[in-house]
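Remember, the numbering used here sits 169 above the position in the sequence shown when you count from 1.
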Amino acid sequence: MRGALGSRLKSGPEMTDLFTEDVVFEFSCQGQGIETGKPYDQDYISVVTLRDGRVCHYRDYWNPLVALHALGGAEAAAAAYAGETHNG
170 MRGALGSRLK
180 SGPEMTDLFT
190 EDVVFEFSCQ
200 GQGIETGKPY
210 DQDYISVVTL
220 RDGRVCHYRD
230 YWNPLVALHA
240 LGGAEAAAAA
250 YAGETHNG
């Protein structure tokens, strides 16, 4: 596990040897909406299932309302996903 992810995880909790196929990661991400300047402060939980040293399943848990707020609401989020901007 350390070899597979160690180079990608420069900081975070100390990793230990695992004897299970399922690994749980808890991490945070901070930033701001590009057009709104509103804060994006998100906590994540990821559950990764490994088989034969490879990722075979990945689940991610986070709060979509945090992203909606940073994007400026549901309409602004829909426009952003459609490739539109509100700045003209």
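Just so it is clear, CB atoms sit at the ideal spot from N, CA and C, and this is done for glycine as well. Computed from a predicted model, the values in this text were never measured in an experiment.
Contact annotation: the region 214-224 does not touch the region 238-252, with fewer than three C-beta pairs closer than 8 Å. Rounded to the nearest whole angstrom, the CA to CA distance from G241 to D191 is 36 Å. If you check the CB distance, W231 and D210 do not come in under 9 Å. The beta carbon of G200 lies closer than 6 Å to those of Y209 in the same chain, with the five residues before and after it left out. Cα atoms of G222 and L237: separation of roughly 36 Å, rounded to the nearest angstrom.
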